[in-house]
Amino acid sequence: MRIKLGLVAISALIGLTATIANAQQRSLNFLFLRNIDGQARLIGFRNKDLGLVSSDKSLADSICRSPKVNSSNSAIPSIWNRLSPYGDRISNTSAYNPKATQPPTLVLKNGSAIYVSKNPNIFAIDPDVIYKELCR
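As C-alpha cells, then:
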C-alpha cells in the first residue's frame with residue numbers, strides 16, 4: 842500500500858512539475874513577444890518580407906492584420922494564409938509544416954533571429970503562440 846501511495850504521489854508531483862513548467866514557458870513566450878512587439882520583422886524564404894511583428898492591427902504591414910483569404914487574394918504571403926507557401930501544411934517554407942527546413946524567421950532590429958515553425962526538430966517559436974499571445 843505504501844508503494845502504491847508513493848507512486849501516486851510521484852505521478853502527482855510529475856504532473857505538477859509539468860504544469861509549472863508549461864506555465865513558466867507561457868509566461869516567457871508572453872514576455873518575449875511583448876518585448877519585441879513592433880521591434881521585429883517576419884521574413885520568409887528568399888528574404889520575402891512577411892510583415893512587422895506587431896499587435897497593432899491598424900498598421901498596414903502588421904502580421905496581426907490578417908486579411909480574410911478567398912480566391913481573389915489567395916496569393917497573399919502570410920503565415921496565417923493556409924493557401925500561402927508560408928502558412929500551408931506542406932511547403933518546406935511554411936511555419937505550419939512540422940517537417941519544414943526553411944520556415945519563416947522572426948528577425949529583431951539587432952539582427953537576432955529565431956525560426957517560426959511547428960517543426961519540433963529546430964529551435965523555433967510556434968506560430969500559434971505568436972497568434973495567441975500577440976494577435977488575439
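The number in the working numbering is simply the position in the sequence shown, starting from 1, with 841 added.
Just so you know, even glycine gets a beta-carbon here, dropped at the ideal spot from N, CA and C.
Buried is the label assigned to LEU874, since at least 16 other Cβ atoms lie within 10 Å of its Cβ. Taking a contact to require three or more Cβ pairs closer than 8 angstroms, the segment 917-926 and the segment 884-899 qualify as touching.
The beta-bridge partner set that DSSP reports for ASP890 consists of ILE884. By the CB criterion at 8 angstroms, LEU947 and LEU872 fall outside the cutoff. Comparing alpha carbon positions, the residue from SER932, ALA881 and TYR937 closest to PRO961 is TYR937.
A direct Cα-Cα distance of roughly 7 angstroms separates ILE877 from LEU949. With distances taken between CA atoms, SER903 lies nearest to GLY879 out of GLY879, SER925 and ASN922.
Each residue's CA atom was taken as its position, placing LEU869 and LEU924 some 31 angstroms apart.
Going by beta carbons, PRO968 and LYS959 fall inside the 8 angstroms limit. Per DSSP, ALA901 has no beta bridge partner at all. Assigned with DSSP and collapsed to three states, TYR956 falls in strand.
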